[in-house]
Amino acid sequence: MAVTIKSQHEIELMRKAGDILATVHDELAKLIEPGITSYELDKHAYKLIKDFGCIPSFLNYNGYPASLCVSINDEVVHGIPNKKRVLHEGDIVSLDCGVIYNGYHSDSARTYPVGKVSDEAQRLIDVTKQSFFEGIKFAKEGYHLNDISKAIQKYAESNGFSVVRDLVGHGIGTHMHEDPQIPNFKQIGRGIRLKAGMTLAIEPMINEGVYDVWFLDDDWTVVTQDGKNSAHYENTVLITEGEPELLSVRTGTTVEQEMNRR
Ligand code: MF3
Ligand code: CO
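Note that the working numbering has the sequence shown beginning at 21, numbered continuously upward.
Have a look at this one:
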């Protein structure tokens with residue numbers, strides 16, 4: 021499948037999808053506290069998405085049973101919501117969500133502290149987020165995909181963390197997963213040349229310890245092999261001739277504003 025260039029009309033629909041998704045994330049963030057279950061978070065996500073007239077893109081995707089991925093501590097991604105899974109003070113939790121608005125997708129993830137967390141856990145959250153913003157310094161026409169990948173890896177590793185190898189970001193648009201694949205670690209070769217109108221979901225998954233992961237036999241949950249924490253940060257991004265535009269934030273939010281938001 022070739023990498024597609026979106027029209028202004030398609031970009032407008034993706035902006036709208038992203039504006040709604042950002043609102044869903046903001047509402048979910050308010051609920052993060054010790055005692056809530058991952059199941060309750062998913063129910064809220066489903067209702068919010070439906071109330072906005074959107075489709076939860078994760079639900080039934082390859083048989084995935086929920087609208088939200090809730091990945092706690094050593095869970096890297098794709099944690100399945102569960103009535104018995106309770107958030108505890110000191111946990112870190114990543115929420116990954118996607119919506120479809122008028123046929124167009126937006127996909128984003130955030131990692132939050134639950135109550136008071138260790139300095140090291142907070143540093144992992146902050147470095148993971150910043151690695152995304154280091155990467156997108158190269159998300160503009162004329163750079164190559166590997167420029168983004170290299171910058172993410174360099175920032176994460178220079179802060180003493182490791183980059184998951186077995187999962188990557190992706191193009192996005194009329195499908196959640198489109199070409200190209202977007203690794204968060206450097207490749208052999210430069211990768212495709214970036215062009216205005218490409219829409220990419222860039223999503224560093226960063227581990228406190230080793231980069232190796234296990235895929236659990238629930239078919240979904242990915243965990244770190246050493247049991248240490250992992251964090252995830254993702255936005256849908258529009259490539260332009262100048263600064264990239266974030267397509268999974270409230271419309272009008274600049275890269276700078278999102279980077280400094282806490
Ligand atoms: N945001 C993730 C991704 O980019 C999650 C999708 S997995 C799903 O691949 F099954 F939950 F949809
Ligand atoms: Co994604």
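For each residue, glycine too, the CB sits at the ideal point set by N, CA and C.
For residue 192, verify whether its CB is less than 8 Å away from any heavy atom of the ligand CO.
For the purposes of this step, residue 192 is identified with residue 172 of the sequence shown, where counting begins at 1. Yes, since a heavy atom of the ligand CO falls inside the 8 Å radius drawn around the Cβ of residue 192.
Spell out a yes or no on whether the segment 173-193 and the segment 226-235 are touching, meaning 3 or more CB-CB pairs, one atom from each, closer than 8 Å.
yes
Closest by C-alpha distance to residue 243, when choosing among 113, 33, 62, 51:
Here the question's residue 243 lines up with position 223 in the sequence shown. Measuring from the Cα of residue 243, the nearest candidate turns out to be 113.
Would you check if the distance between the CB atom of residue 259 and the CB atom of residue 209 is smaller than 9 Å?
What you label residue 259 is simply residue 239 of the sequence shown in a count that begins at 1. What you label residue 209 is simply residue 189 of the sequence shown in a count that begins at 1. Their beta carbons are not under 9 Å apart, which means residue 259 does not touch residue 209 by this criterion.
My understanding is that residue 165 touches residue 212, with C-beta atoms under 8 Å, so please give their C-beta distance in whole angstroms.
As a first step, residue 165 must be located in the sequence shown, where it is residue number 145. As a first step, residue 212 must be located in the sequence shown, where it is residue number 192. About 5 Å; that satisfies the 8 Å criterion.
Taking the beta strand (DSSP E) that residue 130 falls in, what are its first and last residues?
By one-based count along the sequence shown, residue 130 stands at place 110. It spans 124-133 - the beta strand (DSSP E) in which residue 130 sits, taken as one unbroken run.
With H, G and I counted as helix, E and B as strand and the rest as coil, what does DSSP make of residue 43?
Locating residue 43 in the sequence shown gives position 23, counting from the first residue. It is helical.
Suppose you measure from the CA of residue 131 to the CA of residue 52; what does that come to, to the nearest Å?
Start at 1 with the first residue of the sequence shown, and residue 131 comes out as number 111. Start at 1 with the first residue of the sequence shown, and residue 52 comes out as number 32. If I take the Cα positions, the gap works out to 11 Å.
Among all the DSSP beta bridges, which residues are the ones paired with residue 182?
The residue given as residue 182 occupies position 162 in the sequence shown. DSSP output for residue 182 lists 227 as bridge partner(s).
Taking only three categories from DSSP, how would you classify residue 80?
Here residue 80 refers to the residue found at position 60 when the sequence shown is read from its first residue. Three-state DSSP puts residue 80 in coil, outside helix and strand.
Name, in chain order, the residues that DSSP records as bridge partners for residue 28.
Here the question's residue 28 lines up with position 8 in the sequence shown. In the DSSP output, where bridge partners are listed per residue, residue 28 has none listed.
Using the Cα positions of residue 21 and residue 199, report the straight-line distance between them to the nearest angstrom.
Position 1 of the sequence shown, counting from 1, holds the residue named residue 21. Position 179 of the sequence shown, counting from 1, holds the residue named residue 199. Rounded to the nearest angstrom, the two C-alpha atoms are 6 Å apart.
Return the first residue and the last residue of the alpha helix (DSSP H) that residue 239 is part of.
Counted from its first residue, the sequence shown places residue 239 at position 219. Where residue 239 is concerned, there is no enclosing alpha helix (DSSP H), given that its DSSP letter is neither H nor E.
In the structure shown, what three-state DSSP assignment does residue 139 receive?
One-based indexing of the sequence shown puts residue 139 at position 119. In this structure, residue 139 counts as helix in the three-state DSSP scheme.
Check whether the Cβ of residue 116 lies closer than 8 Å to any heavy atom of the ligand CO, and answer yes or no.
Residue 116 sits at position 96 when you count from the first residue of the sequence shown. For the ligand CO, at least one heavy atom lies less than 8 Å from the Cβ of residue 116.
Which same chain residues end up closer than 7 Å to residue 54 when comparing Cβ atoms and leaving out the 5 residues on each side of it in sequence?
Within the sequence shown, the letter at position 34 stands for residue 54. Excluding positions up to five away in sequence, the list reads 107, 108, 109, 134, 135.
Would you grab the beta carbon distance between residue 40 and residue 72 for me? Rounded to a whole angstrom, and I think it's under 8 Å.
Position 20 of the sequence shown holds residue 40. Position 52 of the sequence shown holds residue 72. Right, the Cβ-Cβ distance comes to about 5 Å (below 8 Å), so this counts as a contact.
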